[in-house]
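To start, the structure itself, in C-alpha cells.
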Amino acid sequence: MAAPPSVSSKDMSGRFVMNKTLSDSTDEILRLQGVSWFKRRAIAMFTLTLVTRHYTDDAGVEHIDIAQILSGGIPATDENRTLDFQEHDEDDDVFGAVVGHSRRIAVRDVTDPFLKEGWTTDTIEHGVVLAVAWSHPERNRYKWRAEQTWGFEVVNGERRYVRHVKFTSSDKKDGPIHARLVYDYEGN
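Here it is as C-alpha cells:
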C-alpha cells in the first residue's frame with residue numbers, strides 16, 4: 059500500500075513491510091558483514107516488517123525507534139536511531155559489535171549521487187535521515203561501513219518508504235555496493 063502524505067521523513071511512524079520484489083538483494087552485503095550462509099538463507103525466507111516510532115524528546119532531539127519483526131511474528135534486532143550525529147556503540151545479534159551515528163541532512167548536502175537521487179518533493183523539503191554504521195574497529199573482525207539515506211520515493215506509481223544503502227568493505231576491492239530497499243506502508 060502507498061504511504062500517505064502524512065507519513066514523511068519528518069514523521070516515519072507506522073508499519074512498513076519490505077517489498078522483496080522491488081528491493082535489491084542484500085545477500086552480498088550480509089556476507090561481507092560476516093553473516094553465515096545459513097543465517098542469510100533464513101533471512102531471505104522471511105519477510106521483514108518495521109514498526110516505527112518517530113518522535114522528538116524534551117531536549118528537541120529526534121529519535122526513530124524501530125522494532126523489526128520477521129514473518130510469523132518472530133522478533134528481530136531492534137534498530138533505534140538518535141538523530142544527534144553522536145557515535146553510539148551496539149552489540150547487534152546479527153552484525154556483532156557496531157558503531158553508528160545518525161542525523162537529518164538536506165538532500166543537497168548528501169555527497170554520494172546514489173544516496174541523494176529519487177526522493178519525493180516532501181523528502182527533499184524536509185531532508186533525509188542519514189544513518190551510518192560501521193564495524194567496531196577493535197571488537198569486530200569484519201571491516202565494513204554502511205551509509206544509508208531514508209525517505210520516500212514514488213516506486214511503480216506509489217509513494218513508498220525507501221532506504222538507499224552504500225556499503226563498503228575491506229574484503230571488496232572493486233568499489234561499493236549500492237542497494238535500494240523498498241517498503242510497503244501497512245498503516246500505524
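Residue numbering for the sequence shown follows the working numbering, beginning at 59 and increasing consecutively.
Glycine included, each C-beta is placed from N, C-alpha and C at the ideal position.
Just so you know, these numbers come straight off a predicted model, no measurement behind them.
{"Check": "Completely contained beta strand (DSSP E) runs for the region 131-191, where each covers 3 or more residues", "Outcome": "137-140, 146-150 and 154-163"}
{"Check": "Three CB pairs or more closer than 8 Å across the region 218-235 and the region 149-167", "Outcome": "no"}
{"Check": "Residue from 97, 108 and 228 whose Cα sits closest to the Cα of residue 77", "Outcome": "108"}
{"Check": "Beta-carbon proximity of residue 61 to residue 74, cut-off 9 Å", "Outcome": "yes"}
{"Check": "Helix, strand or coil at residue 86 [DSSP, three-state]", "Outcome": "helix"}
{"Check": "Rounded straight-line distance, which links the Cα of residue 96 to that of residue 210", "Outcome": "32 Å"}
{"Check": "Residue 102 - DSSP class collapsed to helix/strand/coil", "Outcome": "helix"}
{"Check": "Span separating the alpha-carbon of residue 121 from that of residue 66", "Outcome": "14 Å"}
{"Check": "For residue 99 and residue 168, the rounded distance between their alpha carbons", "Outcome": "33 Å"}
{"Check": "Same chain, Cβ closer than 7 Å to residue 153, five either side skipped, listed in chain order", "Outcome": "91"}
{"Check": "Neighbour-count burial assignment, residue 185, 16 or more Cβ in a 10 Å radius", "Outcome": "buried"}
{"Check": "Beta carbon proximity, residue 115 to chain C, threshold 9 Å", "Outcome": "Although the question refers to chain C, the structure presented lacks it and comprises just one protein chain."}
{"Check": "Distance between beta carbons of residue 212 and residue 178, contact taken as under 8 Å", "Outcome": "6 Å"}
{"Check": "Host beta strand (DSSP E) of residue 199 (start-end)", "Outcome": "Residue 199 -> no beta strand (DSSP E), and no H or E assigned at all."}
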